[in-house]
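>
Protein chains in written order, with full-length UniProt numbering: chain D, 1 to 285; chain H, 1 to 285; chain E, 1 to 285; chain X, 1 to 285.
1) Within 10 angstroms of the Cβ of residue 142 of chain D, are there 16 or more other Cβ atoms? Answer buried if so, exposed if not.
2) What is the rounded straight-line gap between the Cα of residue 79 of chain H and the Cα of residue 266 of chain X?
3) Chain H beta carbons: is any one of them nearer than 8 angstroms to that of residue 181 of chain X?
4) Give me the subset of the segment 158-171 of chain H whose CB atoms are less than 7 angstroms from a CB atom of chain D, sorted by chain position.
5) When DSSP labels each residue in this structure, what does residue 68 of chain H get in the three-state scheme?
6) Could you check what DSSP says for residue 30 of chain X in three-state terms: helix, strand or coil?
7) For the pair the segment 188-197 of chain D and the segment 52-69 of chain D, tell me if three or more CB-CB distances fall below 8 angstroms.
8) Under the rule that 16 or more other beta-carbon atoms within 10 Å means buried, what is residue 150 of chain X, buried or exposed?
9) Hey, does residue 96 of chain E have any beta-carbon neighbour from chain X nearer than 8 angstroms?
10) Would you call residue 60 of chain D buried or exposed, if buried means 16 or more other Cβ atoms sit within 10 Å of its Cβ?
11) Any idea if residue 184 of chain H is buried or exposed, counting beta-carbon neighbours within 10 angstroms, 16 or more meaning buried?
12) Kindly say whether residue 184 of chain D, judged by its beta-carbon, lies nearer than 8 angstroms to any beta-carbon of chain E.
13) List, in chain order, every chain D residue whose beta-carbon is nearer than 9 angstroms to that of residue 269 of chain H.
14) Compare the C-alpha of residue 247 of chain X against each of E/12, E/81, E/188 and E/208 and name the closest.
15) Quick one: Cα of residue 93 of chain D to Cα of residue 4 of chain X, how far?
16) Note down, in chain order, all residues in the segment 7-19 of chain E with a beta-carbon under 9 angstroms from any beta-carbon belonging to chain D.
17) In the segment 98-123 of chain E, which residue ranges form an unbroken alpha helix (DSSP H) of at least 4 residues, counting only runs that do not cross its ends?
18) Run through DSSP, which three-state label would residue 16 of chain H get?
19) Would residue 156 of chain D count as contacting chain E if we go by Cβ distances under 8 angstroms?
20) Check whether chain X comes within 8 angstroms of residue 279 of chain E, counting only Cβ atoms and requiring the distance to be less than that.
21) Would you call residue 277 of chain X buried or exposed, if buried means 16 or more other Cβ atoms sit within 10 Å of its Cβ?
22) Using DSSP with H/G/I as helix, E/B as strand and the rest coil, what is residue 150 of chain X?
23) Quick check: is the beta carbon of residue 222 of chain D nearer than 8 angstroms to any beta carbon in chain E?
24) Is the segment 84-101 of chain E touching the segment 154-171 of chain E in the sense that three or more CB pairs, one from each, lie closer than 8 angstroms?
25) Who are the neighbours of residue 92 of chain X on chain E, taking C-beta pairs under 9 angstroms?
26) Whose CA, out of H/231, H/262 and H/268, lies closest to the CA of residue 49 of chain H?
27) Output the boundary residues of the beta strand (DSSP E) element that contains residue 269 of chain X.
28) Listed in chain order, which residues of the segment 58-89 of chain D have Cβ atoms closer than 8 angstroms to some Cβ of chain H?
29) Go ahead and pull the three-state DSSP assignment for residue 190 of chain E.
30) What residues in its chain sit with their C-beta under 7 angstroms from that of residue 243 of chain X, if we drop five residues either side in the sequence?
31) Need the endpoints of the beta strand (DSSP E) that residue 232 of chain E sits in, please.
32) Mind pulling the chain D residues with CB within less than 8 angstroms of residue 116 of chain H?
33) Could you work out which residue in X/144, X/124 and X/280 is closest to residue 135 of chain X when comparing CA atoms only?
34) With 16 other CB atoms within 10 Å as the buried threshold, where does residue 225 of chain X fall?
35) Classify residue 137 of chain D as helix, strand or coil using the three-state DSSP reduction.
36) Distance, Cα to Cα, residue 229 of chain D vs residue 20 of chain D?
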């Protein structure tokens, strides 16, 4: 299985009934919507190809994701067409946590959407370490909405005092802020806390196959009409998009419009052993 | 969520429509079938509780697993009631590897069942390192069927020369051989090779949620009749059975008839942060 | 080699010519100097036993360490009797970095003492990412003196843009702030950055044997008068004090006045495989 | 500190009083002695430059190493000029293990030289797991002299039953056997066992600074005549030779006659952050 280097995303996509698309690096970048993406989405609709956007961004609900795309110029996205790792976190909490309060590190906004299971939630800054009996779970939601100088310590000390399920709604360690630079993301902070506590938390998001399975079940929810062989996963990151897509049994395409640059794609594939079926510059043509 | 210490597996199981059972440490141990397990299986059938055995043993097909249980005295197991990590490996290969030969480390027998996709397979000992163009994937199948002194070197050197998808059909690092002792398993050998190559292979089996999802889809294959809230996962190992069950959103029960002993269960739960919903001595009553 | 559980530090110390002492958890704790420590230091002096304090605290110079001990009530410590991981960092920089500026994360104060090699230094907050040609090394010095919300991002982005030697003057991931709680230390932040960059930095401090060797050379600087068999290392932490002391070939004593509690000492020894020669409640009698 | 790409090893070596040389990839390779190495050694002697060979090969004593070099055509090496990681293991055992038997995985020959401390030793194949009270330490010595199919299991089961100091005399995971291929080395087997036991053993050899310190003390054993600034470390591997040399504070030179090839040297330096002071094709001119 050597990756096929291809010129046209569209010519390959035509052979599939479903396309899963990563968001950052495929549809948009630090400057906004990637030029031509709106046309490609129209092309998919025109061809009757079902698509889903799979994103590790847990800070916004489906509705908010659609609003952002709308503001960037991708107008007609449906709420159901966006799937976030936060939805998996939400599903986990609703199945496993039946009482108590859920403590969280992140913004009120992200808490509202993920923790809407009827349970109360409490921001880390409001935790009183002497009074934690009623906290029944902890969630790493977002890299904003707290003071790094204090709240990471409180998080660690809470978790030293009480053993509860800890979930990480977005496992990405960083996200890009411009052409060169990145910023620490929730997954990085969670990693720091794991390392201090010598524990492993429960992580959601690509490359975990649960994310792909959620999308797979979603497109088959009415009737079982799509098989894995019908689906193409498209992403810019070997270690999340391609690894996860491969493991779930999908055909995968690496695009070079984001994290992976043309001049090191082959090297990274060889050194990681993560092999996309196709490599293409972008989804633009 | 503090684990409930309970006396009777049956009294809890009655509240679920489905029970997933680990094999080693729950149904059998190094001496054979655990006394009373046959009665518990009859109880489940009598109550109309659906069950599946989820095992990381990829060396035997479903049919062979059933034969072994039959020989040990558990007579009426159905082939469909056993789900192995090897079945996931098989599914992956059939979706992703469409041509070439599949090289494997393991027994002919395990190769026959996992690699029956129409593709040819080749044992590591038969690989000619100067002639590897037609090998398109590599599978770690089993800890028997090869000579450790030679075939691990060949495996590593093949993978240094050619980048192909590498899958590990059983991620367990060791398996028990008697009350005290263990033996290196496929997952251990794969780990050694990963460490020599600085690569990560594709691992199947618990705690990966893909295993649970496979079982979940299986019980819902005719109609969508069971929800995650209907299912109890029972296992003896926190890091595979309970971690995976929790992450997939199932209720989980740790039994103390295998890897985890009564006197260190609480300690291990606290130090790992992996929390079963229930703890019970065994599934016997 | 089973650890000997002993009642009296002094009775064992008498058999050695030199004692190396960890600072936090042995000499002092969050409340101040541990009661009776001053008497034990007097005992050592009275017996003619040479001692050194070996600490991973890189934020203060030897002089400042002595001042702190003085303020806490341990009056007669000599500057030469304290050895910090910062001194190793300083030594490294003076041998390896001959020109350019040294960027640092930490306080001005820690920078002043470690970076006094004639080279200029620059705090992370003052780095202009568009103008980094003259920065020739980076040092993680201290967990204070910067804004977590900004300066960690700058650190990572600087290190994405330029490959320079990166050193960590204190590898501890956290330090205790009271009986129950801890605070993230420099080593934790460095770990976060390593994980984001997929690189390994150069770490100084226990358990690295370089720290022990520095102390060993120091006591033998005039003439080679002490052998490894003459030295007892005393610490409260298996993974730093005892591991490092053992590896360097010293006899080691675990005291239970700090990180390791009496009720889990044996368990931690068995699970880590790090075995002190002696275990004692404290150095008080 | 950007690496200087230089044409002539000799022109740089002339500026140092001491040169430390890695063995495999610098002096010899799979075909034997590298052409011209004998002349370079003569050059060093002629210039009065002291040198030491630092090797992670723990399977042979200094005398045996010299014999091998002699057989390969490097005639005049002195026993004192070769320093092996096995010598560190030997030193550790003599300081820390005062009674009992030392169990080992490796050849009789390697056991004879490392374990000559007056203590008895016992090969893994001779361990009776029911009778292990008198075994006081375990050493991973060599990748030969045992049956992989049995003795690794015995090693793991012994270490599950008894907590003793475990040392790894050679941390290398593999060694080259020809231009393309490698073979599993002791460090790889130790890593497998560590992973099965969830323990960390005590590793000797580069990049650990203890190896460099041993050599440093050796050249200064009569009088303190050489400073770190007087020494150049030359090796073919970034992660052992260069990392260790840098950390110890030596100037370092990467040669391209072994593990690191000319076309990926820069890439590996950037991705690892391990920066040699000099890069040179070989030590030949």
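From the three backbone atoms N, C-alpha and C, an ideal C-beta is built for every residue, glycine too.
The answer reads as follows:
1) buried
2) 56 angstroms
3) yes
4) Contact annotation: in the segment 158-171 of chain H, residues whose CB is within less than 7 angstroms of a CB in chain D are 163, 164, 165 and 166.
5) helix
6) Looking at residue 30 of chain X - three-state DSSP - the assignment turns out to be coil, as it is neither helix nor strand.
7) Output reads no: the segment 52-69 of chain D does not touch the segment 188-197 of chain D.
8) A residue is called buried when at least 16 other Cβ atoms come within 10 angstroms of its Cβ; residue 150 of chain X does not meet this threshold and is exposed.
9) yes
10) That one is buried.
11) buried
12) yes
13) 163
14) E/208
15) 56 angstroms
16) none
17) 108-114
18) coil
19) yes
20) no
21) buried
22) Helix, per DSSP.
23) no
24) yes
25) The contacting residues are 246, 247, 248 and 249.
26) H/231
27) Premise fails: residue 269 of chain X lies in the alpha helix (DSSP H), 265-272, not in any beta strand (DSSP E).
28) none
29) helix
30) 207 and 274
31) Segment 231-235, the beta strand (DSSP E) holding residue 232 of chain E.
32) Near residue 116 of chain H there are no residues of chain D at all, since even the closest Cβ is about 17 angstroms away, more than 8 angstroms.
33) X/124
34) exposed
35) Three-state DSSP puts residue 137 of chain D in a strand.
36) 13 angstroms
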